[in-house]
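Have a look at the structure below before the remarks.
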Amino acid sequence: MPEGPELHMASRYVNRVCAGVVFSGAVEKSEVSKNPEVPFASEAYRISATSRGKEMRLTLTPIEGEDSKDGGETGDPQPMDVVFRFGMSGFFRFTPEDELPKHAHLRFYTRERPRQALSFVDIRRFGTWEPNGNWQPERGPCIMFEYHSFRENVLLNLLDRAFDRPICEALLNQKYFNGIGNYLRAEILYRLKIPPFVKARTVLDGLLLKDHAEKNAKRAKEESTPVQVSEMSLSKKVKVKRETPDLLSLCHTVPLEVLQLGGKGYDPEQSGDSSFQEWLQCYCVSGMKSLRDHNRRTMWFQGDAGPMAPKNSKSPKAKKRVTKQGGDESDDKQVVQEKFQDNKVKGDKEETEGKTGLKRGKGAERNLEATSPVNKGKTIQKRKTATAEQAERRSGRMTRARAKQGS
DNA sequence: CGTCCACGTCTAC
DNA sequence: TAGACCTGGACGG
Numbered sequence: 245m246p247e248g249p250e251l252h253m254a255s256r257y258v259n260r261v262c263a264g265v266v267f268s269g270a271v272e273k274s275e276v277s278k279n280p281e282v283p284f285a286s287e288a289y290r291i292s293a294t295s296r297g298k299e300m301r302l303t304l305t306p307i308e309g310e311d312s313k314d315g316g317e318t319g320d321p322q323p324m325d326v327v328f329r330f331g332m333s334g335f336f337r338f339t340p341e342d343e344l345p346k347h348a349h350l351r352f353y354t355r356e357r358p359r360q361a362l363s364f365v366d367i368r369r370f371g372t373w374e375p376n377g378n379w380q381p382e383r384g385p386c387i388m389f390e391y392h393s394f395r396e397n398v399l400l401n402l403l404d405r406a407f408d409r410p411i412c413e414a415l416l417n418q419k420y421f422n423g424i425g426n427y428l429r430a431e432i433l434y435r436l437k438i439p440p441f442v443k444a445r446t447v448l449d450g451l452l453l454k455d456h457a458e459k460n461a462k463r464a465k466e467e468s469t470p471v472q473v474s475e476m477s478l479s480k481k482v483k484v485k486r487e488t489p490d491l492l493s494l495c496h497t498v499p500l501e502v503l504q505l506g507g508k509g510y511d512p513e514q515s516g517d518s519s520f521q522e523w524l525q526c527y528c529v530s531g532m533k534s535l536r537d538h539n540r541r542t543m544w545f546q547g548d549a550g551p552m553a554p555k556n557s558k559s560p561k562a563k564k565r566v567t568k569q570g571g572d573e574s575d576d577k578q579v580v581q582e583k584f585q586d587n588k589v590k591g592d593k594e595e596t597e598g599k600t601g602l603k604r605g606k607g608a609e610r611n612l613e614a615t616s617p618v619n620k621g622k623t624i625q626k627r628k629t630a631t632a633e634q635a636e637r638r639s640g641r642m643t644r645a646r647a648k649q650g651s
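Position one of the first sequence corresponds to residue 245 (the numbering used here), numbered consecutively onward.
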């Protein structure tokens with residue numbers, strides 16, 4: 245579940261299912277989890293949540309008076325915050341206690357019987373939680389809900405060596421892009437067709453100048469013609485609307501689009517809802533290229549990789565792919581797809597790049613084989629790409645649906 | 001059966 | 001810049 249949008253949707257989920265619910269007792273941790281126990285217990289408490297970038301904070305708040313009702317003078321326990329990071333597979337679920345999801349590693353129980361439990365579920369256990377924790381200090385402002393400081397934090401620190409890296413790698417640096425993950429970086433760069441392996445500073449320098457220019461223009465205008473408040477706010481709105489999207493504004497608006505979908509965001513279980521898959525334009529989309537970046541993460545993109553592309557890295561095998569149909573010019577696409585199938589039948593392969601920008605649906609990757617010598621064991625071949633390609637075409641859906649359940 | 005892949009950090013050589 | 005940390009789905013033989 246976990247990039248910025250999924251963390252935020254998790255916080256909304258928690259607030260929705262816990263609204264008006266009274267929890268009670270101790271917090272329970274699974275045996276297998278290596279995360280710390282959460283030393284909190286209360287006769288009656290409430291749970292609320294908030295998110296920031298790729299973190300989510302639960303607040304456990306004892307209900308006034310309820311803890312000392314049997315005469316004890318102990319008083320109410322203090323509220324406690326627990327900060328979560330979701331790793332690759334974390335999410336929250338609210339279920340009856342006898343229907344705990346598998347891998348429910350932290351559980352909060354309702355006072356009312358039959359008991360229900362709010363669970364932190366984490367299949368791979370890369371997720372972490374910190375009792376009495378706070379937002380990690382090294383992480384930057386939230387791309388979704390602290391846009392102004394996010395933008396400023398990037399543009400005022402362009403000398404940081406973090407921006408010596410290719411833009412696609414810098415985008416995963418949570419010190420500057422708190423909330424961006426692997427699917428968002430692909431979608432964002434794709435919108436502007438920015439080659440992923442261009443130096444980050446090269447892309448961002450221009451935005452600093454742009455912001456300065458705008459600020460100056462605005463100041464000049466205000467000095468020359470004092471505007472009325474109403475006029476001001478109007479012109480502001482208009483400007484925001486019109487402003488052509490740039491890389492940093494897309495780091496804000498693209499994640500917000502995922503929230504707008506109203507689904508669950510990234511969710512392999514796809515319980516009946518495919519809106520997220522349809523929303524993806526690049527990540528795991530058939531016809532797009534992919535390369536391993538310097539941290540061995542798959543970068544999805546279209547067109548040019550850019551000058552800093554890892555020279556020896558290959559595109560990973562594509563298993564899960566989404567084939568786009570797009571109601572629009574689906575005719576053209578169909579034609580193209582058929583052509584491809586022809587090619588494959590004939591067994592000859594040629595070019596790679598999309599000759600047009602169309603999504604092709606089949607046989608896409610291999611190409612970027614610009615590989616140089618240095619290859620490890622598995623690279624025995626380098627010759628005709630024939631075999632590799634054959635093995636490669638095969639699109640397919642991202643997952644098949646399975647279990648369903650109400651949220 | 002086995003290999004590869006996955007929405008992310010962490011820390012150790 | 002490699003591993004390490006994990007489970008499980010998709011695919012290949």
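Each residue gets a CB set at the ideal place from its N, CA and C atoms; glycine is no exception.
On a predicted model such as this, the values are computed, not experimentally measured, just so you know.
Measure how close the beta-carbons of residue i and residue j come, nearest whole angstrom, since I'm counting them as under 8 Å.
i, j, result
"Ile432", "Cys495", "6 Å"
"Leu428", "Val326", "Actually they do not touch by this definition, with Cβ atoms about 25 Å apart."
"Leu399", "Leu451", "6 Å"
"Leu503", "Pro249", "5 Å"
"Pro440", "Pro375", "At roughly 39 Å, the Cβ-Cβ gap does not stay under 8 Å, so Pro440 and Pro375 are not in contact."
"Tyr510", "Ala430", "About 12 Å separates the two Cβ atoms, so there is no contact after all."
"Glu287", "Ser268", "6 Å"
"Phe284", "Leu304", "6 Å"
"Val266", "Ile307", "7 Å"
"Leu350", "Trp373", "6 Å"
Select from the options the residue whose C-alpha is nearest the C-alpha of residue i.
i, options, result
"Ala549", "Leu428, Leu453, Pro499, Ile411", "Ile411"
"Lys443", "Lys465, Ala553, Ser493", "Ala553"
"Gly423", "Asn401, Lys278, Phe394, Arg463", "Phe394"
"Arg368", "Tyr257, Met300, Phe330, Ala288", "Phe330"
"Pro551", "Arg565, Ser255, Asp408, Lys273", "Asp408"
"Arg445", "Glu458, Leu415, Met253", "Leu415"
"Cys262", "His349, Glu356, Gln521, Met543", "Glu356"
"Phe389", "Leu500, Ser518, Asn417", "Leu500"
"Phe520", "Gln546, Leu302, Thr339, Val566", "Val566"
"Gly425", "Asn259, Met543, Arg290", "Met543"
"Leu251", "Asp517, Ser468, Lys508", "Lys508"
"Arg290", "Asn259, Glu396, Lys278", "Asn259"
"Ser493", "Asn417, Lys555, His392, Lys273", "His392"
"Leu453", "Glu396, Lys558, Lys278", "Glu396"
How big is the Cα-Cα spacing for residue i and residue j?
i, j, result
"Glu343", "Pro358", "12 Å"
"Asp455", "Val271", "48 Å"
"Asp537", "Gly264", "46 Å"
"Lys568", "Gly531", "9 Å"
"Ser333", "Tyr434", "25 Å"
"Glu594", "Gly371", "With a pLDDT of 27 at Glu594, under the threshold of 50, the predicted position of this residue should be treated as unreliable, and no value is reported."
"Ser292", "Ala361", "14 Å"
"Phe336", "Ser363", "6 Å"
"Asn460", "Glu487", "16 Å"
"Val276", "Val365", "13 Å"
"Val529", "Pro489", "23 Å"
"Leu535", "Arg463", "45 Å"
"Glu413", "Gly309", "51 Å"
"Arg253", "Gln546", "Per the sequence shown, residue 253 should be read as Met rather than Arg. Cα to Cα, Met253 sits roughly 29 Å from Gln546."
"Arg301", "Pro323", "13 Å"
"Gly506", "Gly377", "29 Å"
"His347", "Arg256", "21 Å"
"Glu475", "Ala457", "Here the model assigns Glu475 a pLDDT of 45, short of 50, so the residue's position is not dependable and the matter cannot be decided."
"Lys480", "Arg540", "The predicted position of Lys480 is uncertain, since its pLDDT is 48 and thus under 50; no value can be drawn from it."
"Leu524", "Ser518", "10 Å"
"Leu448", "Gln418", "17 Å"
"Ala632", "Asn556", "Unreliable positioning characterises Ala632 in this predicted model, as indicated by a pLDDT of 31, which lies under 50. The coordinate reading is nonetheless provided below. Straight-line Cα distance between these residues: approximately 16 Å."
"Thr339", "Phe352", "11 Å"
"Glu466", "Glu522", "44 Å"
"Gly319", "Thr354", "20 Å"
"Pro560", "Ile438", "21 Å"
"Lys273", "Pro321", "20 Å"
"Ala406", "Ser468", "40 Å"
"Tyr420", "Pro345", "35 Å"
With hydrogens ignored, establish whether the beta-carbon of residue i is closer than 7 Å to any heavy atom of the ligand HEM.
i, result
"Leu505", "In the structure shown, the ligand HEM is absent, as is every other ligand, since no ligand is present at all."
*Assess, as a yes-or-no matter, whether the region 281-300 is touched by the region 379-398 under the definition of 3 or more beta carbon pairs within less than 8 Å.*
yes
_Sequence ranges, beta strand (DSSP E) only - wholly within the region 318-380, length at least 3_ = 324-329, 334-340, 348-353, 360-366, 372-375
*Taking the runs of the beta strand (DSSP E) that are 3 residues or longer, which of them lie wholly in the region 420-463?*
none
*Residue ranges of each beta strand (DSSP E) run of no fewer than 3 residues wholly in the region 524-567, ordered along the chain?*
533-536, 542-545
*Can you list the beta strand (DSSP E) stretches of 3 or more residues lying completely in the region 254-319, in chain order?*
267-270, 285-296, 299-306
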